[in-house]
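Chemist: Before we start, here is the structure in question, set down as structure tokens.
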Amino acid sequence: MTDILLLAIVTYSAIITVGYWINKHLRMPWMFTVVLLGFALSALGLFQGVMKGDIFLFLSKMGMLFFLFTIGLDLEFEKIKQLGWHIVIGDILLTLTEGLVLGSLFFFVFPQFVSHSFSIALIAGIAFGTVGEVILLAILEEFGIASTKFGQLALGIGVFDDIFEIGALAIIVALPSIINYTGASVFASALPIVLTLLGIFIATFLLSKLGKVLEKPIEKIPDDSFVFPFSMFLVMFSFLYFSSLGNENLGVVAAIFSGIAIQGLFFPKKLVQQYKKSIYFVGNMFLGPYFFLSLGSKISFDSLLTYPLFILAIILISLTVRVVLSYLLFNKILGKKPAAILGVGLCAKFSTSVVSENLLVTFGLITAPLYSAIMASFILMKPIIIGVFSRGIASIKNQIT
1 MTDILLLAIV TYSAIITVGY WINKHLRMPW MFTVVLLGFA LSALGLFQGV
51 MKGDIFLFLS KMGMLFFLFT IGLDLEFEKI KQLGWHIVIG DILLTLTEGL
101 VLGSLFFFVF PQFVSHSFSI ALIAGIAFGT VGEVILLAIL EEFGIASTKF
151 GQLALGIGVF DDIFEIGALA IIVALPSIIN YTGASVFASA LPIVLTLLGI
201 FIATFLLSKL GKVLEKPIEK IPDDSFVFPF SMFLVMFSFL YFSSLGNENL
251 GVVAAIFSGI AIQGLFFPKK LVQQYKKSIY FVGNMFLGPY FFLSLGSKIS
301 FDSLLTYPLF ILAIILISLT VRVVLSYLLF NKILGKKPAA ILGVGLCAKF
351 STSVVSENLL VTFGLITAPL YSAIMASFIL MKPIIIGVFS RGIASIKNQI
401 T
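In structure tokens, the structure reads:
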């Protein structure tokens, strides 16, 4: 117990020192500091017993589930419904093309990294290709262009990307149960997962209807009542429990949908906003560091030294595909230079994509070298994207409408 408390002290100290510096000067989220710390501790052989212990594994898993839960709380389906077809089609083409090119690299050059399966290679590529709109929003707001056509296009693609993320997670948790089966056995193995996913969708829908029925009784409860935060946790843990009956790994999907069920469906929006900060404190500040430590601890130092060109290839492919496709898709809407700069911004990643890659390596579907290369690419791309995107916007700010 004392060792994990010491690990917590080391982690929080790193966040408020190194993490603060990185956030201030490189504008990178504090999570990157924790991932790098986990990698450093693993490479140096420190706290290895702690990070393999039951307490740490439980905290890291809860950190992952709360991370996904907060994503569900922020997922705005009303905005997704309002997105134009150019955003929807553009995002589909961007994500699938990047995923296909990266998947081909993984499968044809390093088939041993993806269990000699093109399906796994493709899923790993698509998961890498999803956009993290939080970084985009911060930069767009800094330049005051979040509400412009350029800003809304960037954020719209980031929002719609959440659909890909949920789909990728659902497929990934199903893969270990069906990958070794053929014919009727695949159907028999997949049926509990499909039924559980269907149950999650139905439960979310029913809660939306129940919220309308209970709207007036709920309004009579004082806004500061303890009933609301405990009810939110009741919904979350109910989703997690009942989904685990179908498949223990479906909690990652259930966590997102429990957040969706709560925000704007079952509870009044003002109450969701009121308690969001408390939930984020528990999920991101308390439990989150353990999850990000676990991500870093799985990065192989030897793999990074052995495959530096592989990491470079992932970064170059991602940047090239996004910039070229963005230019081709949006130059008539935004102009040539703004369309290319948008492509750079759409390379911002590190959202649920890290959860997807983490699950793939945890399930043994991809190997440590591929996982390490992907995580290194995430980390190395972030300051490049932030720097180039910010300077690019500054150079075209007067052209943006």
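Just so you know, we're using full-length UniProt numbering here: the sequence shown kicks off at 1 and counts up by one. Each residue gets a CB set at the ideal place from its N, CA and C atoms; glycine is no exception.
(1) CB-CB under 7 Å to P222, same chain, minus the five flanking residues each way: which ones, in chain order?
(2) Mind checking who Q112 pairs with in its DSSP beta bridge?
(3) Just list the beta strand (DSSP E) runs in the stretch 283 to 336, keeping only unbroken ones of 3 residues or longer that don't cross its boundaries, in chain order.
(4) Thinking C-alpha only, which one of L153, A340, G103, A8 is nearest I89?
(5) For the alpha helix (DSSP H) containing P222, name the first residue and the last one.
(6) Where do the ends of the alpha helix (DSSP H) carrying R391 lie?
(7) Since I379 contacts V344 with CB under 8 Å, what's their CB separation in whole angstroms?
(8) Touch check for the stretch 247 to 256 and the stretch 22 to 39: three-plus C-beta pairs under 8 Å?
(9) On the three-pair Cβ rule with 8 Å, is the stretch 57 to 65 touching the stretch 306 to 324?
(10) Since M285 and I262 should fall inside the 8 Å C-beta cutoff, what is the C-beta to C-beta distance between them, to a whole number of angstroms?
(11) Below 8 Å CB to CB, which residues in the same chain sit around E357 once its five sequence neighbours on both sides are set aside?
(12) Go ahead and label S377 buried or exposed: buried means 16 or more other beta carbons lie within 10 angstroms of its beta carbon, across all protein chains shown.
(13) V355 and V252 - do their beta-carbons sit closer together than 8 Å?
(14) Could you tell me the alpha carbon to alpha carbon distance between V101 and L122, rounded to whole angstroms?
(15) Closest to L57 by C-alpha separation, out of L287, V194, I9, R27, would be which residue?
(16) In its own chain, which residues sit with a C-beta less than 8 Å from the C-beta of G296, not counting the 5 before and 5 after it?
(17) Report buried or exposed for W30, applying the criterion of at least 16 other Cβ atoms within 10 angstroms of its Cβ.
(18) Using the Cβ count rule (16 or more neighbours within 10 Å means buried), how would you classify D162?
(19) Quick one: is V173 buried, meaning 16 or more other Cβ sit within 10 Å of its Cβ, or exposed?
(20) Do the CB positions of L197 and L65 come within less than 8 Å of each other?
(21) Buried or exposed: V235, going by 16 or more other Cβ atoms within 10 Å of its Cβ?
(22) Give me the Cβ distance between F113 and P369, rounded to the nearest whole Å; I'm assuming they're in contact under 8 Å.
(23) For I16, report the span of its alpha helix (DSSP H) as first-last.
(24) Locate the alpha helix (DSSP H) running through P229, then write down its first and last residues.
(25) Spatial neighbours of V227 within its chain, please: C-beta separation below 7 Å, excluding the five flanking residues on both sides.
(26) If you follow the alpha helix (DSSP H) that L73 is part of, which residue opens it and which one closes it?
(27) Which same chain residues end up closer than 8 Å to S243 when comparing Cβ atoms and leaving out the 5 residues on each side of it in sequence?
(28) Are the CB atoms of A348 and Y327 within a distance shorter than 8 Å?
(29) Whole angstroms is fine: what's the gap from T11's alpha carbon to L105's?
(30) Flag this pair as yes or no: are the beta carbons of L293 and M51 separated by less than 8 Å?
(31) Could you check if S225 belongs to the surroundings of the ligand MG, using beta carbon to heavy atom distance under 7 Å?
(32) Skipping 5 residues on each side, what residues in its chain have a beta carbon closer than 6 Å to that of L140?
(33) Which ranges would you report for the alpha helix (DSSP H) in the stretch 148 to 184 if only whole runs of at least 4 residues count?
(34) Please identify the residue among I333, L175, T97, I393 whose C-alpha is closest to the C-alpha of V194.
Modeler: This is what the structure holds:
(1) Numbered from its first residue, the sequence shown carries residue 222 at position 222. So no residue of the chain qualifies.
(2) Counted from its first residue, the sequence shown places residue 112 at position 112. DSSP links Q112 through a beta bridge to no other residue.
(3) Counting only runs of 3 or more, we get nothing.
(4) Here residue 89 refers to the residue found at position 89 when the sequence shown is read from its first residue. Across the set L153, A340, G103, A8, the C-alpha of L153 shows the shortest separation from the C-alpha of I89.
(5) Within the sequence shown, the letter at position 222 stands for residue 222. Counting along the chain, P222 sits inside no alpha helix (DSSP H), nor does DSSP assign it H or E at all.
(6) Here the question's residue 391 lines up with position 391 in the sequence shown. R391 -> alpha helix (DSSP H) spans 368 to 396.
(7) Taking the sequence shown and counting its residues from 1, the one referred to as residue 379 is at position 379. Taking the sequence shown and counting its residues from 1, the one referred to as residue 344 is at position 344. No, I379 and V344 are not in contact; Cβ-Cβ is about 17 Å, not under 8 Å.
(8) Contact between the stretch 247 to 256 and the stretch 22 to 39 is absent, because fewer than three Cβ pairs lie under 8 Å.
(9) Three or more Cβ pairs closer than 8 Å define a contact, and the stretch 57 to 65 falls short of that threshold against the stretch 306 to 324.
(10) The count along the sequence shown starts at 1 and reaches residue 285 at position 285. The count along the sequence shown starts at 1 and reaches residue 262 at position 262. The pair is not a contact, with the Cβ atoms about 20 Å apart (cut-off 8 Å).
(11) As a working note, residue 357 is residue 357 in the sequence shown. Around E357: A124, A127, F128, I366, Y371, I374, M375.
(12) Residue 377 sits at position 377 when you count from the first residue of the sequence shown. Here S377 is buried: its Cβ has 16 or more other Cβ atoms, across all protein chains shown, within 10 Å.
(13) Translated into the one-based positions of the sequence shown, residue 252 becomes position 252. Translated into the one-based positions of the sequence shown, residue 355 becomes position 355. Yes, the Cβ-Cβ distance between V252 and V355 is below 8 Å.
(14) Along the sequence shown, read from residue 1 onward, the residue named residue 101 stands at position 101. Along the sequence shown, read from residue 1 onward, the residue named residue 122 stands at position 122. If you take the alpha carbons of V101 and L122, they lie about 9 Å apart.
(15) As a working note, residue 57 is residue 57 in the sequence shown. Closest option to L57, Cα to Cα, is L287.
(16) On the sequence shown, residue 296 is found 296 positions in, with the first residue counted as 1. Exclusion of the five residues before and after G296 leaves V34, V35, L36, L37, G38, F39, A40, L41, S42, M375 as the residues of its chain whose Cβ lies within less than 8 Å of its Cβ.
(17) As a working mapping, residue 30 is identified with position 30 in the sequence shown. W30 is buried by the Cβ-count criterion.
(18) Position 162 of the sequence shown holds residue 162. D162 is buried by the Cβ-count criterion.
(19) Position 173 of the sequence shown holds residue 173. In summary, V173 is buried, with 16 or more beta-carbon neighbours lying within 10 Å of its beta-carbon over all protein chains present.
(20) To locate residue 197, count along the sequence shown from 1; it is residue 197. To locate residue 65, count along the sequence shown from 1; it is residue 65. Not in contact: L197 and L65 (Cβ atoms no closer than 8 Å).
(21) Here the question's residue 235 lines up with position 235 in the sequence shown. Buried, because 16 or more other Cβ atoms sit within 10 Å of the Cβ of V235.
(22) Within the sequence shown, the letter at position 113 stands for residue 113. Within the sequence shown, the letter at position 369 stands for residue 369. The beta carbons of F113 and P369 sit about 6 Å from each other, so the pair counts as a contact at 8 Å.
(23) Taking the sequence shown and counting its residues from 1, the one referred to as residue 16 is at position 16. It is not in any alpha helix (DSSP H) - I16 carries neither H nor E in the DSSP assignment.
(24) As a working mapping, residue 229 is identified with position 229 in the sequence shown. From DSSP, the alpha helix (DSSP H) with P229 extends over 227 to 246.
(25) Within the sequence shown, the letter at position 227 stands for residue 227. These residues qualify, in order along the chain: I221.
(26) The residue labelled residue 73 in the question sits at position 73 within the sequence shown. Where L73 is concerned, the enclosing alpha helix (DSSP H) stretches over 54 to 74.
(27) The sequence position of residue 243 within the sequence shown is 243, counting from 1. If we look at S243 and ignore the five residues flanking it on each side, its Cβ neighbours are T196, G199, I200, L250, G251, V253, A254.
(28) Residue 327 sits at position 327 when you count from the first residue of the sequence shown. Residue 348 sits at position 348 when you count from the first residue of the sequence shown. No, these two residues do not count as a Cβ contact at 8 Å.
(29) Taking the sequence shown and counting its residues from 1, the one referred to as residue 11 is at position 11. Taking the sequence shown and counting its residues from 1, the one referred to as residue 105 is at position 105. Cα-Cα distance, rounded: 35 Å.
(30) Start at 1 with the first residue of the sequence shown, and residue 293 comes out as number 293. Start at 1 with the first residue of the sequence shown, and residue 51 comes out as number 51. It is a contact, given that the beta carbons lie within the stated cut-off.
(31) The ligand content of the structure shown is nil, which means the ligand MG is not present either.
(32) Indexing the sequence shown from 1 puts residue 140 at position 140. Result list for L140: A146, G151, in chain order.
(33) Entirely contained in the stretch 148 to 184, the alpha helix (DSSP H) runs reaching 4 residues are, in chain order, 149 to 178.
(34) For the purposes of this step, residue 194 is taken as the residue at position 194 of the sequence shown. Per the Cα distances, L175.
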